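Asker: Protein chains in written order, with our numbering: chain A, 1 to 392; chain B, 1001 to 1333; chain C, 2001 to 2256.
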Amino acid sequence: MFKIRSIIPSLLTEEQKLLQESFSNFVEREITPNVNKWYFQDRQVDKNLYKKMGDQGFLCVWADPKYGGAGLGFMESWLLANELYRRGCGSIEPYLHSDIIAPYFRNFGSQELNDRFMPDFVKGDKILAVAMTEPDYGSDVGSTCTSAVKDGDDYIVNGSKIFISNGIIADVFLTLVRTDPDPALKHKGLSLLVIDATESSGVGRKKLEKIGGHFLDLAEISFDNVRVPRKNLLGEEGRGFAYVMKGLQQERLLAASGWQSFAEHALQEGIKYAKQRKVFGQSLSRFQNTEFKLAEVACRLVAGRSMIDNLVLAHCRGEDVSFEVACAKMYTCDYVKEAVDVCLQVHGGYGYMTEFPIARMCMDVRAASISAGSSEVMKIIVSRELFTEPKA
Amino acid sequence: MANRIWVYVEQYKGKIRKVSLELLSKGRQLARANDCELEAVVLGPETAELTATAAAYGAERVLFITDERDFANYTIREYTTLLAQLLQTDKPEALLLGDTARGRDLAARTSQRLGVGLAADCIAIETDPDSFLKFKRPIYGGRLFAWLESANRPLMATARPNSFLLAEPDFTRTASVRKEKVNLAIEAPREVVKFVSKRASKRPELTEADIIVAGGRGMGNADNLHVLEDLADTLGGVAIGASRAVVDSGWRDMEYQVGQTGKTVSPALYIACGISGSIQHLAGMNSSKVIVAINRDPNATILDVADYALVGDLFDIVPKLTAEFQKLFKADN
Amino acid sequence: MDIIVCLKQTFDTETVIWLNEKGEINDKDVKLIINPYDEFALEEALRVKEKLGGEVTVVSLGGVRTQEALRAALALGADKAMLINCENLTELDEMMAAKILARAINALPFDMIFTGRMAIDSGGAQMAMRLAEEFDLPAVSGITKIELEGRTAVVQHETDEGLETVEVLLPAVFSAQKGLNEPRYPVMAGILKAKKKPLDIIAAEELAAGLPLQSGMKVRGYVAPESRLPGRVLNGSAAEMTAELVRLLREEAKVV
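(1) Along the region 42-58 of chain A, what residues have a CB closer than 9 Å to any CB found in chain C?
(2) Whether or not the region 161-180 of chain A and the region 218-231 of chain A are in contact is what I'm after, with contact meaning three or more pairs of Cβ atoms, one per stretch, closer than 8 Å; do they touch?
(3) Looking only at its own chain, which residues have a Cβ that is under 6 Å from the Cβ of residue 47 of chain A, when we skip the five neighbours before and after it?
(4) For residue 2037 of chain C, which residues in chain A fall below 8 Å Cβ to Cβ?
(5) Give a yes or no on whether 7 Å exceeds the smallest Cβ distance from residue 1093 of chain B to chain C.
(6) Taking only beta carbons into account, state which residues of the region 2018-2033 of chain C come closer than 9 Å to chain B, listed in chain order.
(7) Which chain B residues are close to residue 2095 of chain C, counting only those with a beta carbon under 8 Å from its beta carbon?
(8) Mind checking whether residue 1337 of chain B and residue 1055 of chain B have CB atoms under 7 Å apart?
(9) Apart from the five residues on each side of it in sequence, which residues of its chain come closer than 7 Å, Cβ to Cβ, to residue 290 of chain A?
(10) If the cut is a Cβ gap below 7 Å, which residues of chain C does residue 1150 of chain B touch?
(11) Less than 8 Å between the CB atoms is what I'm expecting for residue 2238 of chain C and residue 1312 of chain B, so what's the real figure, rounded?
(12) Give the residues of chain C in contact with residue 17 of chain A, contact being defined as C-beta atoms less than 8 Å apart.
(13) Which two residues bound the contiguous alpha helix (DSSP H) that contains residue 2130 of chain C?
(14) Is DSSP giving residue 132 of chain A helix, strand or coil here?
(15) Put residue 86 of chain A into one of helix, strand or coil per three-state DSSP.
(16) Can you name the residues of chain A whose CB is closer than 9 Å to the CB of residue 2064 of chain C?
(17) How about residue 1142 of chain B and residue 1286 of chain B: do their beta carbons lie closer than 7 Å?
(18) Going by DSSP, which residues form a beta bridge with residue 2082 of chain C?
(19) By DSSP, does residue 1057 of chain B sit in helix, in strand, or in coil?
(20) On the criterion of 16 or more Cβ atoms from any shown chain inside 10 Å, does residue 201 of chain A qualify as buried, or is it exposed?
(21) Taking all protein chains shown into account, do 16 or more other C-beta atoms lie within 10 angstroms of the C-beta of residue 352 of chain A, making it buried, or fewer, making it exposed?
(22) Residues of the region 1264-1287 of chain B with a CB closer than 7 Å to any CB of chain C: list them in chain order, please.
(23) Quick one: which residues of the region 1067-1089 of chain B get their C-beta closer than 9 Å to a C-beta of chain C? List them in chain order.
(24) Note down, in chain order, every chain B residue with its Cβ under 8 Å from the Cβ of residue 2011 of chain C.
(25) Considering only the alpha carbon of each residue, which of A:2, A:354, A:386 lies closest to residue 39 of chain A?
(26) Mind listing which residues of the region 2187-2212 of chain C have their C-beta closer than 9 Å to chain A's C-betas, in chain order?
(27) Looking only at C-alpha atoms, which of B:1272, B:1324, B:1059, B:1005 sits nearest to residue 1127 of chain B?
(28) Compare the Cα-Cα distances from residue 195 of chain A to each of A:226, A:95, A:86, A:317 and report the closest residue.
(29) Per DSSP, what kind of secondary structure is residue 233 of chain A in: helix, strand or coil?
(30) Check each residue of the region 189-207 of chain A: if its Cβ is closer than 8 Å to any Cβ of chain C, include it; give the result in chain order.
(31) What beta strand (DSSP E) runs, 3 residues minimum, are completely inside the region 267-345 of chain A?
(32) Note down the Cα distance separating residue 1086 of chain B from residue 1131 of chain B, rounded to an integer number of angstroms.
(33) Can you pull out the residues from the region 2112-2126 of chain C whose beta carbon lies closer than 7 Å to at least one beta carbon of chain B?
(34) Comparing the C-beta of residue 2185 of chain C with each C-beta of chain A, is any distance below 7 Å?
(35) Give the DSSP-derived three-state secondary structure of residue 2048 of chain C in the structure shown.
(36) List the endpoints of the continuous alpha helix (DSSP H) containing residue 1246 of chain B.
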């Protein structure tokens, strides 16, 4: 079976390979048999998956051993995150919990906050969600207006957030709130607050119905006079926006590389189908249109793979490649839609049947250019860089 | 003394196992082609019936080996000593055994004791001008075959059941009898069989069956398997097999599993119902002489290896097939 | 209770088997796995260790890549690993392999040796008996259950007569059959610990000194399976197909 080559496997240590294989086996046993049930029946992943992953040590692998983590690096996180996309299961997102949200605690949270929360995140006893987007403010994150007003030792939080991944199963919401109402401050009045729904009441959840990505429970979250201890502030007041900006390279890289792997899986599905399907007495793969269309997809993916491999390695080295990552996010999320669409077309009528993985992948892929930084925002970032003079 | 080929005669439920008779048939052919004598070897006390049957299938001599206690059953370790001692004194050119559980264990232990190689699970044995005999055996689940030979004697091999044709027995033939007693130097037994829970099924054992009706995931649930039982009964109480999916789902016990981690079978006819045909399953039955596949999925892999493929609902087809066989057998009578 | 587990690394089941121009089996870029039956053997050894204490040592005859399999075994909980590198020896038959393996094991203390019932590549199913012979020990093949009572192992295995229960005095050798247990899979903590556990590599040539390496079975050559004649898809209604099938099975195939 054809496979797009990546340079990363040859660079892995024995332990990394073993880790990848172990998780791959875990996915085969715990996730693959449930895919259709979770996607089409339950319309979400089983919450217990997090606990199972936590028990096996597959959550927050970078976390300090004193919290039960393995103290590993980005490469290991990436290997695990990639595994699910590689199988066309993009919207199962434990990596969101592990590698996008939990790192905020390590990077900006106090020792006390980490001691209190990290063990549960590592074990999967508490699931994380991040609440930033609001009904009126998506890309314009700086205008967030969910308020957090001081009251004694607490904040009182009011407002609503929308499109919150894992909004239904999550226990803890890392929430972007306005702690300083002064309009002149704009984004400098924002803070990150850890809202533990198991401790604070008033957190309302409403599941959102979407056209795809059905492993993921997306929700609208409302905060109605939610009382949150002030010690749940992550880092300093007014630094919330700055913290969010710092985490974006990793988040966007994980998304971009995920969709690249997702597209590679779609190509394999297309090739598999074309090989065994017979049309007018011969294999579908012998028709030039089919060959050429898949060849075009393959070329794009080879280019994309090269780009992603480089960025993953650069990120592992700690380099600032936020510009290139923004390009990668935009690029991969555009062609992955095309790749999936071409491969679905190759399937003919069967591509429209939910029984076939490509149909499910098609339902998922439309979100690629919207979530984790829309293509429009990426264009703003890229074009700004083009016309900004470098600092002296 | 002329060169000899030995065939180990294994007993099962008081009778000679079919595979031993197949080997006597083949052994006779090989012996005649190479100017050798064919000896049947029984690790147990002499009986007239054993001698007569062995002779009928081609043995010129029957050798009975026991120790002073004259048991009919020993541990593999003890069997190995009985066999190895005589192999060392008599030095036959070759020793052939059936590839049964006991045959394989005995052959392995004996060949290790003698320091010779073993060609296990052979599906062909041929005369060779240079190495006397060469052996063909499957590897990688039958996706490849290896031809083996050795310069050492005795040449040892186990044969897969149903690989060699049973000759027409000639009960007018006689064989001379030889009895040998080996001193087993009895020590306190290191292994003791406490009890055997007899298998419930009256059906033939899978690895020696001539016809097998097998069911896969397409059967749907355990209750539906009666459809296969009916077909198997109609065909004469033949064996029933199962794919791994059926065993893993708990619809049948492990002893019915055909496949890479189950049993390897070689029937003349294998009827696969609702089995998709994974590599693991094919590894267990791809040496079947005739394969019939019944499956509703026109793209199921098993249809590619089947000699006869029926695409459709097995719950419609199998009962009708049973009825057709009933018609056929009724007309025969 | 010290246990030695003999592990073999084999081609993955889905591997396409083909011969190169020299008539050798292609092993480039092939995915390798731990022989599935050996996983049952290792799992049982780990369970015994968890219950009764002692050490589990995994031993494997193989090449450089076999280290992956041994690391994986260490990650699952084995205490020590030993690789007997036989890349410099021409293909060993089961008899010679057992002799070399036995020499390696001889230096280690053990109460039991576990192997898998059969390697899915060679289909040999002999190692347990051969090792038992080398050490003059009792052996039971294809066990589906084992219970330890002091120095006695009570095991169950399928024979043609039925399910046999055998009491065996240790030390002894057992081969594992499917159904013995459900193997665990590695957790992060195990993977990290594996790095610190000993994995010794010995050259097989050293162990094999003095052995008549050519005295066993030799492979003369490999052949592809004879392709089955293309089959026939029967047409028509269920009634028509079944009638036709029975006719073909009787008259053409002559199997009923």
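Think of the CB as a built atom: it goes at the ideal place given N, C-alpha and C, for glycine as much as any other residue. If you're wondering where the values come from, they're calculated on a predicted model, not measured in any experiment.
Answerer: Concretely, from the data shown:
(1) 55, 56, 57, 58
(2) yes
(3) The count along the first sequence starts at 1 and reaches residue 47 of chain A at position 47. Taken in chain order, the residues that qualify are 169.
(4) Residue 2037 of chain C sits at position 37 when you count from the first residue of the third sequence. Per Cβ cutoff of 8 Å: no residues; residue 2037 of chain C is ~17 Å from chain A at best.
(5) Within the second sequence, residue 1093 of chain B is the residue found at index 93, counting from 1. Cβ-Cβ to chain C under 7 Å: no for residue 1093 of chain B.
(6) 2018, 2019, 2025
(7) Along the third sequence, one-based indexing puts residue 2095 of chain C at 95. The contacting residues are 1111, 1112, 1115, 1116, 1117, 1118.
(8) The structure shown does not extend to residue 1337 of chain B, since chain B is modelled only from 1001 through 1333, so no value can be given for it.
(9) Taking the first residue of the first sequence as position 1, residue 290 of chain A is located at position 290. 274, 284, 346, listed in sequence order.
(10) For the purposes of this step, residue 1150 of chain B is taken as residue 150 along the second sequence, with counting starting at 1. Result: 2216, 2217, 2218.
(11) As a working mapping, residue 2238 of chain C is identified with position 238 in the third sequence. As a working mapping, residue 1312 of chain B is identified with position 312 in the second sequence. With a Cβ gap of about 6 Å, residue 2238 of chain C and residue 1312 of chain B count as contacting.
(12) Walking along the first sequence from the start, residue 17 of chain A turns up at place 17. The answer, in chain order, is 2068.
(13) By 1-based counting over the third sequence, the position of residue 2130 of chain C is 130. Residues 2127-2135.
(14) Taking the first sequence and counting its residues from 1, one reaches residue 132 of chain A at position 132. Residue 132 of chain A: coil per DSSP, three-state reduction.
(15) Numbered from 1 along the first sequence, position 86 holds the residue referred to as residue 86 of chain A. In the structure shown, residue 86 of chain A sits in a helix (DSSP, three-state: H, G or I).
(16) Indexing the third sequence from 1 puts residue 2064 of chain C at position 64. The contacting residues do not exist; residue 2064 of chain C stays about 11 Å from chain A at best.
(17) Position 142 of the second sequence holds residue 1142 of chain B. Position 286 of the second sequence holds residue 1286 of chain B. Yes, they are a contact pair.
(18) For the purposes of this step, residue 2082 of chain C is taken as the residue at position 82 of the third sequence. DSSP, once it has assigned bridges, lists C:2059, C:2200 as partnering residue 2082 of chain C.
(19) In the second sequence, counting from the first residue as 1, residue 1057 of chain B sits at position 57. Note: residue 1057 of chain B maps to coil in three-state DSSP.
(20) Working through the first sequence from its first residue, we reach residue 201 of chain A at position 201. Counting Cβ neighbours within 10 Å, residue 201 of chain A comes out exposed, since fewer than 16 surround it.
(21) The sequence position of residue 352 of chain A within the first sequence is 352, counting from 1. Flag for residue 352 of chain A reads exposed.
(22) 1268, 1269, 1279, 1280
(23) 1075, 1076, 1077, 1080
(24) Position 11 of the third sequence, counting from 1, holds the residue named residue 2011 of chain C. Ordered by position in chain B, the residues that pass the 8 Å Cβ test against residue 2011 of chain C are 1140.
(25) Position 39 of the first sequence, counting from 1, holds the residue named residue 39 of chain A. Selected option, being the one with the closest Cα: A:354.
(26) 2187, 2188, 2189, 2190, 2191, 2192, 2194, 2195
(27) What you label residue 1127 of chain B is simply residue 127 of the second sequence in a count that begins at 1. Among B:1272, B:1324, B:1059, B:1005, the Cα nearest to that of residue 1127 of chain B is on B:1005.
(28) Here residue 195 of chain A is taken as the residue at index 195 of the first sequence, counted from 1. Ranking A:226, A:95, A:86, A:317 by Cα distance to residue 195 of chain A puts A:226 first.
(29) The residue you call residue 233 of chain A lines up with position 233 of the first sequence. In the structure shown, residue 233 of chain A sits in a strand (DSSP, three-state: E or B).
(30) none
(31) none
(32) As a first step, residue 1086 of chain B is located in the second sequence; it is residue number 86 there, counting from the start. As a first step, residue 1131 of chain B is located in the second sequence; it is residue number 131 there, counting from the start. Distance between the alpha carbons of residue 1086 of chain B and residue 1131 of chain B is about 23 Å.
(33) 2120, 2121, 2122, 2123, 2124, 2125, 2126
(34) Working through the third sequence from its first residue, we reach residue 2185 of chain C at position 185. True, the Cβ-Cβ gap to chain A drops below 7 Å.
(35) In the third sequence, counting from the first residue as 1, residue 2048 of chain C sits at position 48. DSSP places residue 2048 of chain C in helix when its eight states are reduced to three.
(36) Locating residue 1246 of chain B in the second sequence gives position 246, where the first residue counts as 1. Note, residue 1246 of chain B: alpha helix (DSSP H), 1244-1248.
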